[in-house]
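Asker:
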Amino acid sequence: MKRKEQNFKSWFKSGAPWVWMTAGGVSIAVIMTIGLLAVIAVRGLGHFWPADVVEAHYQVPGEAARVMAGELVQEEQVPRARLAAAGLPVDVKGGEFMTRELYKVGNREVYGADFSWVVAEWMSAPQTPENLVVMERREWGNFYGYLLNVKQDGQLVAEGEAAWAELQARITRVDELHAQLVRLEKKDIGRINHGLERLRLESRKLELDGRLDAAAQADLDARRAELDAQYKGLESELIDLNQQLARDSVTVKTVDGREQVIALSKVVRAYQPNAMGVGAKIGFYFAKLWEFLSDEPREANTEGGIFPAIFGTVMMTLIMAVIVTPFGVLAAIYLREYAKQGVMTRIIRIAVNNLAGVPAIVYGVFGLGFFVYVLGGSIDRLFFPEAAPAPTFGTPGLLWASLTLAILAVPVVIVATEEGLARIPRALREGSLALGATKAETLWKVVLPMASPAMMTGLILAVARAAGEVAPLMLVGVVKLAPALPVSGNYPYLHLDQKIMHLGFHIYDVGFQSPNVEAARPLVYATAFLLVLVIALLNLSAVFIRNHLREKYKALDH
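Quick note on UniProt numbering: the sequence shown kicks off at 1 and runs consecutively.
1) Short of 7 Å in beta carbon distance, which residues of its chain neighbour G62, apart from the five on each side in sequence? Order them along the chain.
2) Which one or two residues does DSSP pair with R298 in a beta bridge?
3) Is the CB-CB distance between D52 and E71 below 9 Å?
4) By a C-beta neighbour count over all protein chains shown, 10 Å radius and 16 as the cutoff for buried, is W400 buried or exposed?
5) Rounding to the nearest angstrom, what Cα-Cα distance links A65 and E121 in this structure?
6) Might you give, ordered along the chain, the residues of its own chain that have their beta carbon closer than 7 Å to the beta carbon of K266, omitting 5 neighbours on each side?
7) Could you tell me the alpha carbon to alpha carbon distance between H178 and L245, rounded to whole angstroms?
8) Any heavy atom of the ligand MG within a distance shorter than 8 Å of the CB on R429?
9) Using DSSP with H/G/I as helix, E/B as strand and the rest coil, what is G190?
10) What did DSSP end up calling Y493 once you bin it into helix, strand or coil?
11) Quick one, which of E96, V110, M456 has its alpha-carbon nearest P326's?
12) Under a three-way DSSP split, which group does residue 559 fall into?
13) G46: which of W20, Y525, H548, R546 sits nearest, CA to CA?
14) Thinking just about the alpha-carbon of each residue, which of E197, Y58, M123, L36 is nearest to the one in Y491?
15) Can you confirm whether A416, when its beta carbon is compared against all beta carbons of chain C, has any partner nearer than 9 Å?
16) Going by C-alpha to C-alpha distance, which of K232, Q77, P522, A81 sits closest to G305?
17) List the endpoints of the continuous beta strand (DSSP E) containing K445.
18) Considering only residues of the same chain and omitting the five flanking positions on each side of N539, which have a CB-CB separation below 8 Å?
19) If distances are taken between C-alpha atoms only, which option among L355, T317, T395 comes closest to V374?
20) Does DSSP put M276 in a helix, in a strand, or in coil?
21) Once the 5 residues before and after residue 559 are set aside, which same chain residues still bring their CB inside 7 Å of it?
22) How would you label A344, buried or exposed, when you count the other beta carbons within 10 angstroms and need 16 or more for buried?
23) For V54 versus Q127, is the C-beta spacing smaller than 9 Å?
24) Could you tell me the alpha carbon to alpha carbon distance between K13 and W20, rounded to whole angstroms?
25) So what does DSSP say about G70, is it helix, strand or coil?
26) To the nearest angstrom, how far is it from the Cα of I333 to the Cα of A434?
27) Measure the alpha-carbon distance for T251 versus I171 and round it to whole angstroms.
28) Buried or exposed for G183, going by 16 or more other Cβ atoms inside 10 Å?
29) Applying the criterion that 16 or more other CB atoms from any shown protein chain within 10 Å of the CB defines a buried residue, is F544 buried or exposed?
30) Does the Cβ of L537 have 16 or more other Cβ atoms within 10 Å, making it buried, or fewer, making it exposed?
31) Hey, how far is the Cα of E259 from the Cα of K253?
32) Hey, is the stretch 474 to 486 in contact with the stretch 287 to 307, meaning 3+ C-beta pairs nearer than 8 Å?
33) Where does H548 land, buried or exposed, given buried means 16+ other C-beta within 10 angstroms?
34) Compare the C-alpha of N131 against each of V118, S116, L148 and name the closest.
35) Taking the continuous alpha helix (DSSP H) assigned at I407, which residues delimit it?
36) Are I534 and A520 closer than 9 Å when you measure CB to CB?
Structure below.
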């Protein structure tokens, strides 16, 4: 017994229990993280799977029966007393629980809401008709019902079984026309509008400088007339495309017998989920997933894609990294290599460490006050007086959002770089100096290359923190909807003054500001999962570069 007690004490003093405790804590954290990501992925990515549409009779006790159809979204057990308290005619003497189900019934213009809660025990004769059609529309959400016929300019083209093939062919045509329309509006007409605005600003600038003479005015008028002529040509093309889009329509019928006409210009796709096999559903799933990644949002951000938010997040993070790295590295080099190590230097280091703990919203307020109003307003007065009173840089935009995140992340880069510089052996510096190199040459050619892995570590931490921030961005450049990207074919090509979308703000907006909560919920999960993937991809890219640099300078380190 005594020997066992001595062995236990020896094992305890060796530190092995703490090793196992640490390993257990790390394992639990990893399992919880993987579990959380799995839940987010399942709830988010499962939204794109084409679920079967159930048609059934539903009769609330004491009311007339009605026919309903929809996709089962959620199912839960609810106490009978709770349903009775909600005013439903429930027999409280029955079992303790009843099943309540949430169906996506669509047809918002008919029923007033996309989703409906029903009591499963009051449903009867459920079936999944293969000819039941789901139409995904650009407005008013999904339509669930039956296809009666296809019309062109009000004239019947196909009905019955032939209508389905004709519908698919005409939706393909409409998609091509819609793509042409978007390209015409955004690229060609957008280029002309941009040119007209530049001419207006140029005219105003000449007027302010007192150089708007007859020759200059004639030149401006000639260029404006040329753009107007181009616009008239595009306008006729635009009218023609809209007329072609308005040509086709379909007559449909809801499951309870209400007929309506839907213009195909409002339809994104039509499919029959109950008739689709596994292969067809997989193909549909990846098509929807690609649309989510590459398309623009619609329906108050509850439908469509989130590509502008992805682009804005990545662009802002990259600009932030380009700004924060040189400033953070230079500050660390000064503090470690050049500054006199005294009281003032220690105070600066304490201040840098404290900055890392300042709430993010404070940085947002600082960015709004200093970058937007002071710095941006001064830039407008000095370089863009012709645009007044409309602000150019004196308004939230991509540049100010990136600078605000850079200020937020710079303490992390400074601390990590300083630690990396402190790890470089003094003998290497002295050897370089002994061979005749100057201090600047030693720093540039010996010290900084060996400290580059630590710089990349600071950058990784900065990206990880900055890419997921939301609160400061709401004040300095991120908005609910900005489908136009900050990169275009119009000079200056990269529009740093333009507002952007962000994945983090998109999650907040869809999850808490959406008028259609049930429709937005799966997109919140999908967007959150995508945000994690984007941050992980940015971090992994930086980790790869850091590891490459570490291997390159490992020999020197030894």
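Just so it is clear, CB atoms sit at the ideal spot from N, CA and C, and this is done for glycine as well.
Answerer: Based on what the coordinates show:
1) P89
2) Per DSSP, the beta-bridge partners of R298 are E303.
3) yes
4) With 16 or more other Cβ atoms within 10 Å, it is buried.
5) A65 and E121 have their C-alpha atoms roughly 13 Å apart.
6) R137, R138, E139
7) 8 Å
8) The ligand content of the structure shown is nil, which means the ligand MG is not present either.
9) helix
10) coil
11) M456
12) The structure shown does not extend to residue 559, since the chain is modelled only from 1 through 558, so no value can be given for it.
13) Sorting W20, Y525, H548, R546 by C-alpha distance to the C-alpha of G46 places Y525 at the top.
14) E197
15) No chain C is present in this structure, which holds just one protein chain.
16) For the residues K232, Q77, P522, A81, the minimum Cα distance to G305 belongs to P522.
17) Premise fails: K445 is in no beta strand (DSSP E) and is neither H nor E.
18) The residues are I460, V463, A464.
19) T395
20) In the structure shown, the three-state DSSP call for M276 is coil.
21) Because the chain is modelled from 1 through 558, residue 559 falls outside the range shown and cannot be assessed.
22) The amino acid occupying residue 344 in the given sequence is Met; Ala does not appear at that position. Answer is exposed; the Cβ neighbour count stays below 16.
23) yes
24) 13 Å
25) Strand.
26) 21 Å
27) 14 Å
28) The amino acid at residue 183 is misidentified as Gly; the sequence shows Arg. Per the 10 Å Cβ criterion, exposed.
29) Classification of F544: exposed, given that the 10 Å Cβ count is below 16.
30) exposed
31) 4 Å
32) yes
33) exposed
34) L148
35) Taken as a continuous stretch (DSSP letters only), the alpha helix (DSSP H) holding I407 covers 398 to 423.
36) Reading the sequence as shown, one finds Val at residue 534 and not Ile. In this structure, V534 sits away from A520, with a CB-CB distance that is not shorter than 9 Å.
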